[in-house]
Amino acid sequence: MRITTWNVNSIKQRLPHLLAFLDEAKPDVVCLQELKCQDDAFPRAEVEGAGYAVETLGQKAYNGVALLVRAPLAMTEVRRGLPGDTEDEQARYIEALISGADTRPVRVASIYLPNGNPVDSPKYPYKLAFLERLRLHACALMQDENAVVLAGDYNVIPDAADAADPEAWRSDALFLPQSRMAFRALLAEGYTDGLRACDPRDGLYTFWDYQAGCWQRNAGIRIDHLLLSPQAADRLVSASVQKHLRGLDKPSDHVPVTAELSAG
DNA sequence: ATGACCTAACTTTTAGGA
0 MRITTWNVNS IKQRLPHLLA FLDEAKPDVV CLQELKCQDD AFPRAEVEGA GYAVETLGQK
60 AYNGVALLVR APLAMTEVRR GLPGDTEDEQ ARYIEALISG ADTRPVRVAS IYLPNGNPVD
120 SPKYPYKLAF LERLRLHACA LMQDENAVVL AGDYNVIPDA ADAADPEAWR SDALFLPQSR
180 MAFRALLAEG YTDGLRACDP RDGLYTFWDY QAGCWQRNAG IRIDHLLLSP QAADRLVSAS
240 VQKHLRGLDK PSDHVPVTAE LSAG
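Residues in the first sequence are numbered consecutively from 0, following numbering that gives the first Met the number 0.
Okay, here's the thing in structure tokens:
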């Protein structure tokens, strides 16, 4: 089962790239972030036409997450929103159980973690609170009999090796010690950073800012992650970054990251 | 030299992103 996470930075702007990617890579599950549209504006017919079932949690203008599942796999037990804060209106979490005849099921989440900047605003405590809610839910999912994959844009640079210029991020919400500690707390629950487990090299990035020629000079950061429960990690075959999509016309500032799991 | 982008919205400027 191939599982991809991709922050598309507007599904409407990125639909041609998404359809081309589905056709070329044929992922079984796609976790999308930053749809930037409401549910009824999602280009459902086009994605279904490519052979995928669709579940969305949209929001006007900002945020928004979705799960796509390629037939004949099926998606059940859909959960929208993270437990722990009924006041949270931001569309940042969707989860479902993915199952099929030829594979053991996998519970997959598409997550768009808050950016958290500026750090002296309420946005930073909101980010840390969201990370803590995610840790508690990730812990609860450990009791699940199924493998779990928590995939998405974490907006956390885990380590200095995950940035071309770590010093530039020293006081940013993506790289502050508290943010990195909260990410490590997720790993401490027993989850594996799928991409890092497959590729120990420096210079592995998933985001390049549109500004300042970041792409051209490879000034990237690694912030899109797939976290695997032990059952999922046992099935991990490979993981890679689809970097070439950043070089297309009108790209997202993020590229897809894909992990392949054995049938189990 | 210290600049340089992109997206959505009741758009002609702002908020948000990272």
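C-beta: ideal position from N, C-alpha, C; glycine also. All values derive from a computational prediction rather than experimental measurement.
Reduced DSSP secondary structure (H/G/I, E/B, other) of residue i
i       : result
Gln-241 : coil
Phe-174 : coil
Met-74  : strand
Tyr-111 : strand
Trp-214 : coil
Asp-201 : coil
Leu-225 : strand
Gly-80  : coil
Gly-246 : helix
Gly-263 : coil
Gly-99  : strand
Opening and closing residue of the alpha helix (DSSP H) in which residue i lies
i       : result
Ile-10  : 10–24
Pro-229 : 229–233
Glu-131 : 122–140
Ala-334 : The requested residue 334 is not part of the displayed model; the chain covers only 0 to 263.
Whole-Å CB distance - residue i paired with residue j, under 8 Å assumed
i       : j       : result
Gly-193 : Leu-227 : 5 Å
Ala-159 : Ile-220 : Incorrect: roughly 11 Å between the Cβ atoms, too far for contact.
Asp-264 : Leu-112 : Since the displayed the chain opens at 0 and closes at 263, residue 264 lies outside it and no answer follows.
Ala-146 : Val-105 : 5 Å
Ala-258 : Ile-93  : So it is not a contact: roughly 18 Å between Cβ atoms.
Residues bridged to residue i (per DSSP)
i       : result
Arg-91  : Answer by DSSP bridge pairing: none, since Arg-91 is not bridged.
Trp-5   : Leu-31
Glu-54  : Leu-66
Ala-146 : Val-105
Arg-43  : Beta-bridge pairing links Arg-43 to no other residue.
Ala-162 : Ile-220
Trp-207 : Gly-219
Asp-152 : Tyr-111, Asp-223
Beta strand (DSSP E) segment containing residue i, residue limits
i       : result
Ala-258 : 256–260
> Below 8 Å, can you find three or more Cβ-Cβ pairs linking the stretch 30–41 to the stretch 54–67?
Replying inline: yes
> At a cut of 8 Å, does the stretch 184–192 reach the stretch 209–218 through at least three beta carbon pairs?
Replying inline: no
> Pairing CB atoms from the stretch 227–246 with CB atoms from the stretch 197–204, are three or more of them under 8 Å?
Replying inline: yes
>> Assess contact between the stretch 228–237 and the stretch 168–181, defined as three or more Cβ pairs (one per stretch) separated by less than 8 Å. Is contact present?
In response: no
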